[in-house]
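Participant: Got a structure here, written out as structure tokens. Questions coming.
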Amino acid sequence: MRFGPERKMVVDTARQIYRAGLVIGTWGNVSLKIAGQPLVLITPSGMDYQSMEAEDIVLMDMEGQQVEGNWKPSSELPLHLAIYRRRPDLLAIVHVHSSFATAFAVARQSIPVIMEETAQVIGHPIQTAPYALAGSRRVAELAADTLGLGKAVLLANHGLVGTGTNLQEALRVCQIAEETARETLLARMLGGAYSLTPEEIAILHQGYLKYGQKKPSSK
Ligand SMILES: [Zn+2]
């Protein structure tokens, strides 16, 4: 079995999204691209996160052919591959159905940049891609288009996709998107949610990229 440590990271992240309540049951999925190789590790379709082990993670090539593994890959594989093809800078994708972010996906609205951590970690409003059936090539292409050069995208009537250069970052993007969606709804109940300006967002995001990730105390 190749890529043991990487497989373990995928399992750990899948368990974290389950424990954090970002998915229910076996929904959601996690993938990790092998740096410098046209290979992607992805969670299997419909498997319980608690019983998932490193050997259950499926190894795929960039054309969607199975390289290793006894299980079928997640049905959202085309979505992951479409994003990796467009964005060679990304190595990790986490997809969840967390309730506040999904509410924005159902309303087909963007999650605005209303908190400093949203500006720092994500750096842009999270847009909802036009609707297409889950698991289809069309939804994969629409999501990759809408993501553009961003970090996160919403799938209409479905859920949230977070990306990163590693799994920790992709998970963090999902957590912050979910929290931002929640705070936006609460603030709107109080009369309105003020977005940060593009200038403020740029300053916060650049500062985070430069210094924020290096601080050992920052979580
Ligand atoms: Zn999904």
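If you read the sequence shown in the working numbering, its first letter stands for residue 41, the second for the next number, and so on.
Backbone N, C-alpha and C fix where the C-beta goes; we use that ideal spot for every residue, glycine too.
Here the structure is a predicted model, which is why all the values come from computation and not from measurement.
(1) Looking at the unbroken beta strand (DSSP E) that takes in Val193, where does it start and where does it end?
(2) State the DSSP-derived secondary structure class of Met87, mapped to helix, strand or coil.
(3) Using a Cβ-Cβ cut-off of 7 Å (strictly less than) and excluding sequence neighbours within five positions of Arg222, which residues of its own chain qualify?
(4) Alpha carbons only, please: which of Glu156, Asp185, Glu46 is nearest the one belonging to Glu95?
(5) Pull up the distance between the alpha-carbon of Pro84 and that of Thr186, whole angstroms please.
(6) Thinking Val136 and Cys214 are a contact (beta carbons under 8 Å), I'd like their distance in whole angstroms, please.
(7) Bridge partners of Met100, per DSSP?
(8) For ligand 1, is there any heavy atom lying closer than 6 Å to the beta carbon of Gly65?
(9) Under the three-state reduction of DSSP, which class applies to Ile243: helix, strand or coil?
(10) Please classify Ala132: does DSSP put it in a helix, a strand, or coil?
(11) Cβ of Gly86 versus every heavy atom of ligand 1: is any distance shorter than 6 Å?
(12) Mind checking whether the beta-carbon of Gly61 lies closer than 6 Å to any heavy atom of ligand 1?
(13) Going by beta carbon distance, what residues of the same chain come within less than 6 Å of Leu7, once the five residues before and after it are set aside?
(14) Mapping DSSP to helix, strand and coil, what is Ser139?
(15) In whole angstroms, give me the CA-to-CA distance for Gly68 and Ile133.
(16) Since Leu194 and Val179 are thought to touch, with beta carbons under 8 Å apart, how far apart are those beta carbons, to the nearest angstrom?
(17) Can you give the beta carbon distance from Ala233 to Pro152, rounded, assuming they're within the 8 Å contact cut?
(18) Identify whether Ile151 lies in helix, strand or coil by the three-state DSSP scheme.
(19) Are the beta-carbon atoms belonging to Glu103 and Leu244 less than 7 Å from one another?
Facilitator: Quick answer:
(1) Indexing the sequence shown from 1 puts residue 193 at position 153. 192-195 is the extent of the beta strand (DSSP E) around Val193.
(2) Translated into the one-based positions of the sequence shown, residue 87 becomes position 47. Three-state DSSP puts Met87 in coil, outside helix and strand.
(3) For the purposes of this step, residue 222 is identified with residue 182 of the sequence shown, where counting begins at 1. Same-chain partners within the cutoff: Phe140.
(4) Here the question's residue 95 lines up with position 55 in the sequence shown. Residue Glu46 is the option with its Cα nearest to Glu95.
(5) Against the sequence shown, residue 84 aligns to sequence position 44. Against the sequence shown, residue 186 aligns to sequence position 146. So the alpha carbons of these two residues sit roughly 26 Å apart.
(6) Mapped onto the sequence shown, residue 136 falls at position 96. Mapped onto the sequence shown, residue 214 falls at position 174. Right, their Cβ atoms sit about 5 Å apart.
(7) One-based indexing of the sequence shown puts residue 100 at position 60. Its beta-bridge partners are Val80, Gln106.
(8) Indexing the sequence shown from 1 puts residue 65 at position 25. Gly65 Cβ: outside cutoff for every heavy atom of ligand 1.
(9) Reading the sequence shown from its first residue, position 203 is the one you call residue 243. Note: Ile243 maps to helix in three-state DSSP.
(10) As a working mapping, residue 132 is identified with position 92 in the sequence shown. Strand at Ala132.
(11) If you number the sequence shown from 1, residue 86 lands on position 46. Every heavy atom of ligand 1 is 6 Å or more from the Cβ of Gly86, so no.
(12) In the sequence shown, the residue the question calls residue 61 occupies position 21. Every heavy atom of ligand 1 is 6 Å or more from the Cβ of Gly61, so no.
(13) As displayed, the chain neither begins before 41 nor continues past 259, which places residue 7 out of reach and without an answer.
(14) Against the sequence shown, residue 139 aligns to sequence position 99. Note: Ser139 maps to helix in three-state DSSP.
(15) Position 28 of the sequence shown, counted from the first residue, corresponds to residue 68. Position 93 of the sequence shown, counted from the first residue, corresponds to residue 133. Computed Cα separation, rounded: 11 Å.
(16) Position 154 of the sequence shown, counted from the first residue, corresponds to residue 194. Position 139 of the sequence shown, counted from the first residue, corresponds to residue 179. Their Cβ separation, rounded to whole angstroms, is 12 Å, which puts Leu194 and Val179 out of contact at 8 Å.
(17) Here residue 233 refers to the residue found at position 193 of the sequence shown. Here residue 152 refers to the residue found at position 112 of the sequence shown. Their Cβ separation, rounded to whole angstroms, is 6 Å, which keeps Ala233 and Pro152 in contact under 8 Å.
(18) Position 111 of the sequence shown, counted from the first residue, corresponds to residue 151. Strand, per DSSP.
(19) Translated into the one-based positions of the sequence shown, residue 103 becomes position 63. Translated into the one-based positions of the sequence shown, residue 244 becomes position 204. Cβ distance not < 7 Å, so Glu103 and Leu244 don't count as in contact.
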